[in-house]
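Residue numbers (my numbering), protein chains in the order written: chain P, 894 to 1007; chain H, 1466 to 1579.
Just so it is clear, CB atoms sit at the ideal spot from N, CA and C, and this is done for glycine as well.
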């Protein structure tokens, strides 16, 4: 079985600062990894995904994540935070190559200060 | 396309009452699923379906029933509501075949059981 741990349930950054949201996974085989974003009172939207190949993955809105197998990590970064980035972010993992049957982390709420 | 729709948006029940959460999608997706979202626990899979007439249990199925009579609809039934079922419920859909399909989420139903 696989699991996901997101370190830090709340992260606060200033506008223009680096965003770093941490995600570590546990899996017996290399999983497929996803980041989803949830804006207030909305459903989740796909931000980016790692499947195979290049370990640095670029997503929407300037976000990117790097898959590090040796560290079992898939941290999400953005060089410069914007007020509109304030949301909850979820890391998810699956062993299903159709992208279904996701296991989610507990989520990290990102707050951006002006 | 309306995408994934859920009704109602809000619901308050008394312990022991029953109700059905509705979910519909117009993208001809074979795969549909129900998640519940609780603070600090991310989203947990309740039930899923890989096509009309086929359903299966996820991580937290107890107290919930589902059926899938059409490709479009996937209702979630609470037979006898309990306070532990107070949560936000999300329906999601995606293609079943193909690789690394994006899950599309509905806007959620916020349920309170008194």
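Whether residue i touches residue j by CB criterion (8 Å)
i, j, result
"residue 925/P", "residue 987/P", "yes"
"residue 913/P", "residue 996/P", "no"
"residue 915/P", "residue 968/P", "yes"
"residue 923/P", "residue 962/P", "yes"
Cross-strand partners of residue i (DSSP beta bridge)
i, result
"residue 932/P", "Looking at the DSSP assignment, residue 932/P forms no beta bridge with any residue, so it has no partner."
"residue 903/P", "1002/P"
"residue 1469/H", "1490/H"
"residue 1545/H", "Looking at the DSSP assignment, residue 1545/H forms no beta bridge with any residue, so it has no partner."
"residue 1519/H", "1516/H"
"residue 1574/H", "1554/H"
"residue 960/P", "967/P"
"residue 1560/H", "None; residue 1560/H has no bridge partner."
Helix, strand or coil at residue i [DSSP, three-state]
i, result
"residue 978/P", "helix"
"residue 954/P", "helix"
"residue 1550/H", "helix"
"residue 922/P", "coil"
"residue 917/P", "strand"
"residue 1591/H", "Here chain H comprises residues numbered 1466 to 1579, so residue 1591/H is not present and cannot be evaluated."
"residue 1474/H", "coil"
"residue 1502/H", "strand"
"residue 947/P", "coil"
task = Taking a Cβ distance cut-off of 8 Å, strictly less, list which residues of the region 955 to 969 of chain P are near chain H, in chain order.
result = none
request  = With 8 Å as the C-beta to C-beta threshold (strictly closer), list the residues of the region 931 to 945 of chain P near chain H in chain order.
outcome  = 934, 935, 936, 937, 938, 939, 942, 944
query = What residues in the region 1558 to 1578 of chain H bring their beta carbon closer than 7 Å to a beta carbon of chain P?
reply = 1559, 1561, 1562, 1563, 1564, 1565, 1566, 1567, 1568, 1570, 1571, 1572, 1573
task = Name, going along the chain, the residues of the region 1532 to 1556 of chain H whose beta-carbon falls closer than 7 Å to a beta-carbon of chain P.
result = 1555
query = Is there contact here, the region 1502 to 1519 of chain H with the region 1479 to 1489 of chain H, by at least three beta-carbon pairs under 8 Å?
reply = no
query = Are the region 1540 to 1551 of chain H and the region 897 to 913 of chain P in contact at 8 Å, needing three or more beta carbon pairs?
reply = no
message = Contact between the region 1470 to 1479 of chain H and the region 1526 to 1540 of chain H is defined here as three or more beta-carbon pairs at a separation below 8 Å; is this criterion met?
response = no
inquiry  = Check whether the region 1535 to 1542 of chain H and the region 1509 to 1520 of chain H are in contact - that is, three or more C-beta pairs closer than 8 Å.
reply    = yes
Contact residues within the region 1512 to 1525 of chain H, judged by C-beta distance below 9 Å to chain P = 1513, 1515, 1523, 1524
key: Proximal residues, the region 991 to 1002 of chain P versus chain H, C-beta separation under 9 Å   = 991, 992, 993, 994, 995, 996, 997, 998, 999, 1000
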